[in-house]
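What follows is one structure encoded as structure tokens, with my remarks underneath.
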Amino acid sequence: MNQRIRIKLKSYDHNLVDKSTEKIVKTVRMTGAVVNGPIPLPTNKKIFTVNRSTFVNKKSREQFELSSYKRLMDIYSSSSKTIDALMKLELPSGVEVEIKV
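Just so we're aligned: 57 in the numbering used here is position 57 of the sequence shown, and the numbers increase by one with no gaps anywhere.
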């Protein structure tokens, strides 16, 4: 079974993404597959500007930032053991995982 598995991880917390990638890399290497990555993808930043007051003080504003962090990994020369290990892997909540075969 020589196929490429591409895994994309996305989260609002960079620590969760890094811990998840470490878990995935450990489990995949234990099964004997080759891992390319994790490759950090560009961080998306959304900035929101909100008035502090509802009626007066137009110049008084607050800014909030929402950053999303992404990582990309490719797994080569995987076997059925690798896929089973990935399916059984427990990842922390708050991490979005997208797997393409």
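Beta carbons are placed, not taken as given, at the ideal position from N, Cα and C, and that holds for glycine. These figures come from a predicted structure and were not determined experimentally.
Asked                                                                                                : Found
Which of helix, strand or coil DSSP assigns to Asp84                                                 : helix
For Val104, the three-state DSSP class (helix, strand or coil)                                       : Not covered by the structure: residue 104. The range shown for the chain is 1 to 101.
Whole-number beta carbon distance between Leu72 and Gly37, since they are thought to touch under 8 Å : 6 Å
Any chain D beta carbon closer than 9 Å to Ser68                                                     : Among the protein chains of the structure shown there is no chain D, as only one such chain exists.
Contact test: Gln63 Cβ vs the ligand ZN heavy atom, cutoff 8 Å                                       : Questions concerning the ligand ZN fall outside what the structure shown contains, since it holds no ligand whatsoever.
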